[in-house]
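Participant: Quick one: the structure is below, questions incoming.
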Amino acid sequence: MNRQIRTNRDAGEITEALETLIRHAQEADNQPPFNDQSRLALAAGTARLATLEDNEETLLGAAIIDGVGFEAVIDPAHRGHGHGTALIGEVLAGNSGAGLVSAWAHGDHPAAAALARTHEFERARVLYRLERELEPEAPGPVTIDPLISTFRAERDADDWVTLNARVFRDHPEQGALLRADLDARTHEDWFDPENFLLVRDETGHLIGYNWLKVIPGDTDGEIYVLGVAPETAGQGLGRRLMNAGLARFGELGLTTTSLYVDDSNPGALGLYRSMGYETDTIDVQYHRPRV
1 MNRQIRTNRD AGEITEALET LIRHAQEADN QPPFNDQSRL ALAAGTARLA
51 TLEDNEETLL GAAIIDGVGF EAVIDPAHRG HGHGTALIGE VLAGNSGAGL
101 VSAWAHGDHP AAAALARTHE FERARVLYRL ERELEPEAPG PVTIDPLIST
151 FRAERDADDW VTLNARVFRD HPEQGALLRA DLDARTHEDW FDPENFLLVR
201 DETGHLIGYN WLKVIPGDTD GEIYVLGVAP ETAGQGLGRR LMNAGLARFG
251 ELGLTTTSLY VDDSNPGALG LYRSMGYETD TIDVQYHRPR V
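If you want it as structure tokens, here you go:
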């Protein structure tokens, strides 16, 4: 099969084909091939798209290049034919001056590990996707936690950005989010301010949050990001926010809940596992030295 690779494709020209590719991969792999940051960066024009197509211009694979990192996917129906090797090789060759040093593999697949070794990438980070079933909400009035409020942009946005940077100061992606990144996410179709739970102390300072992601029509609710101020660690605030989030999912009639957590965060892992979450899938980030 003849194939062509374009390393600076206009995503707007192939929106439908790209969404189809993403859907096929998600159905086969049980997880999306690109994370939210990559897709938002592509939509904003700050990331670039590379594509692999056959001689009839059918989209077989794609890669999103964002800064010094990238993510790539091959349509499940066309895997095992060297397309991934060709696409990644071309992406790296075409961006040698940028020094691409980071790549996410969604799912700890042997094929991804083999590709990483071929291009001299080494395993650097592990991200667990945890999942648990939700118990049916008991009939009767819902107990409201008086400590917890919901997100209002004019009041909370800047405070959240500040606290999030403190909570994730050692996290290369989450801790780098700016107000513009928050605003972009609040304009996503799935965003609902009633699913963004916040806690302030008696002086009015924001000290914790549990941001929930519920895609309309889905039965799974994701703990999108949970954070508590470092000085409140060990006071049970994280568990309280988690319980509030689970109660909210119950109100919405969801049947499962999921979240992502880095293996370098044993405290969070311990909390989630104590609340019944179990490993569903594993994402791996590969690094290689700059050349």
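Counting in the UniProt record's numbering, the sequence shown runs from 1 upward without gaps. For every residue, glycine included, the Cβ atom is placed at its ideal position computed from N, Cα and C.
1) Can the beta-carbon of residue 7 be found closer than 8 Å to that of residue 120?
2) Give every residue of the same chain whose Cβ lies closer than 7 Å to the Cβ of residue 213, excluding the five residues on either side of it in the sequence, and list them in chain order.
3) Mark residue 215 as exposed unless 16 or more other C-beta atoms lie within 10 angstroms of its C-beta, in which case mark it buried.
4) Is residue 280 closer than 8 Å to residue 130 when the C-beta atoms are compared?
5) Rounded to whole angstroms, what is the Cα-Cα separation between residue 2 and residue 16?
6) Mind checking which residues open and close the beta strand (DSSP E) that includes residue 131?
7) Nearest to residue 267 by CA position, among 248, 236, 256 and 251, is which residue?
8) Exposed or buried, residue 183, counting other C-beta atoms within 10 Å across all chains shown (16 or more means buried)?
9) Just confirm the distance between the C-beta atoms of residue 242 and residue 265, as a whole number of angstroms; I'd bet it's less than 8 Å.
10) Closer than 7 Å: is that where the CB of residue 164 sits relative to any heavy atom of the ligand FAD?
11) Tell me which residue opens and which closes the alpha helix (DSSP H) that residue 278 is part of.
12) Spatial neighbours of residue 135 within its chain, please: CB distance less than 6 Å, with the 5 preceding and 5 following residues excluded, ordered by chain position.
13) Whether or not the segment 67-82 and the segment 34-47 are in contact is what I'm after, with contact meaning three or more pairs of Cβ atoms, one per stretch, closer than 8 Å; do they touch?
14) Where does residue 53 land, buried or exposed, given buried means 16+ other C-beta within 10 angstroms?
15) Within its chain, find whatever has a CB closer than 6 Å to the CB of residue 40; leave out the 5 residues flanking it on each side and keep chain order.
16) Ends of the alpha helix (DSSP H) at residue 166?
17) Is residue 84 buried or exposed, if buried means 16 or more other CB atoms sit within 10 Å of its CB?
18) What residue range is occupied by the uninterrupted alpha helix (DSSP H) comprising residue 243?
19) Along the alpha helix (DSSP H) that carries residue 117, what are the first and last residues, could you check?
Facilitator: So, from the data block:
1) no
2) 190, 222 and 224
3) exposed
4) yes
5) 22 Å
6) 122-133
7) 236
8) exposed
9) Contact doesn't hold; Cβ gap of about 14 Å is too wide.
10) Absence of the ligand FAD is noted for the structure shown, with no ligands found whatsoever.
11) Careful: residue 278 lies outside any alpha helix (DSSP H), inside the beta strand (DSSP E) at 278-287.
12) none
13) yes
14) buried
15) 184
16) 153-167
17) buried
18) 237-251
19) 110-118
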